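See structure below.
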Amino acid sequence: MKTVFSRMAIFVTILFFATSCENRTLQENLNTGLLHYKKVRFINRGFIDGYGIEKIAFFKEQDSNYTFVLKMYDNAVNDTVEKYRLGIVFFPEGDTLAPFSKWWFMEPTMKKVGKYKYVIEKVFLPYQKLDSIRLFLTDRKGYNGVKGNVLNLKNLRL
Numbered sequence: 000m001k002t003v004f005s006r007m008a009i010f011v012t013i014l015f016f017a018t019s020c021e022n023r024t025l026q027e028n029l030n031t032g033l034l035h036y037k038k039v040r041f042i043n044r045g046f047i048d049g050y051g052i053e054k055i056a057f058f059k060e061q062d063s064n065y066t067f068v069l070k071m072y073d074n075a076v077n078d079t080v081e082k083y084r085l086g087i088v089f090f091p092e093g094d095t096l097a098p099f100s101k102w103w104f105m106e107p108t109m110k111k112v113g114k115y116k117y118v119i120e121k122v123f124l125p126y127q128k129l130d131s132i133r134l135f136l137t138d139r140k141g142y143n144g145v146k147g148n149v150l151n152l153k154n155l156r157l
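Quick note: the sequence shown uses numbering that gives the first Met the number 0, first residue 0, plus one each step.
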């Protein structure tokens, strides 16, 4: 009986620390501007003035749920970010069974963590591998064409 209880207590403790470390990892990486995160991609491009992306990263939460992080330029303006919807198209890698792209539209708000600015959203990705993603802006009130530059990204690690 003691052995079963001891093993259960150890398992719960390990599970607690593993979960805490994952959450802390996201927060620690946000605090450092994604400096040491291995699955980060440098973008260094802007959609329009006041809305530029320095880096992109995906933090796996569980199964196909991810936290999608855009590290914004220091001169990014929240009023500009909140004026547009962010469209994202995920294209699966050719050898996956899912033949179609997945679309997401977000109404982002810029968040400040320490001295860094981010757009942080939860996304569901049913794919194990991505060929590419496409990011673009549209009006928040409804689709009225793409505004500014379209960013096409390849070779992303999830």
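We put the beta carbon where it would ideally sit given N, CA and C, even for glycine. Keep in mind it's a predicted model, so treat the numbers as computed, not measured.
Given a cut-off of 8 Å on the beta-carbon distance, is the pair residue i and residue j in contact?
i, j, result
"Met105", "Arg133", "no"
"Ser131", "Phe90", "yes"
"Lys54", "Ile42", "yes"
"Asn30", "Gly113", "yes"
"Asp62", "Lys116", "no"
"Thr79", "Gly45", "no"
"Thr137", "Val149", "no"
Can you tell me which of the options puts its alpha carbon nearest to the alpha carbon of residue i?
i, options, result
"Gly86", "Asp78, Leu69, Ala75 and Asn74", "Leu69"
"Leu129", "Lys110, Asn74, Asp138 and Asn154", "Asn154"
"Thr24", "Gly45, Gly144 and Ala56", "Ala56"
"Lys110", "Asn77, Lys146, Trp103 and Lys140", "Asn77"
"Tyr65", "Glu120, Trp103, Thr108 and Lys140", "Glu120"
"Leu157", "Asn151, Trp102, Glu92 and Gly147", "Glu92"
"Ala75", "Lys140, Thr108 and Asn151", "Thr108"
Taking its Cβ as the centre, do 16 or more other Cβ atoms sit within 10 Å of residue i, making it buried, or is it exposed?
i, result
"Val118", "buried"
"Gly32", "buried"
"Leu34", "exposed"
"Gly51", "buried"
"Glu81", "exposed"
"Ile47", "exposed"
"Tyr142", "exposed"
Just checking residue i against the ligand FAD - is the residue's beta carbon closer than 7 Å to any of the ligand's heavy atoms?
i, result
"Lys110", "The ligand FAD is absent from the structure shown, which contains no ligands of any kind."
Using 8 Å as the Cβ pair cut-off and three pairs as the minimum, do the region 116 to 129 and the region 34 to 47 touch?
-> no
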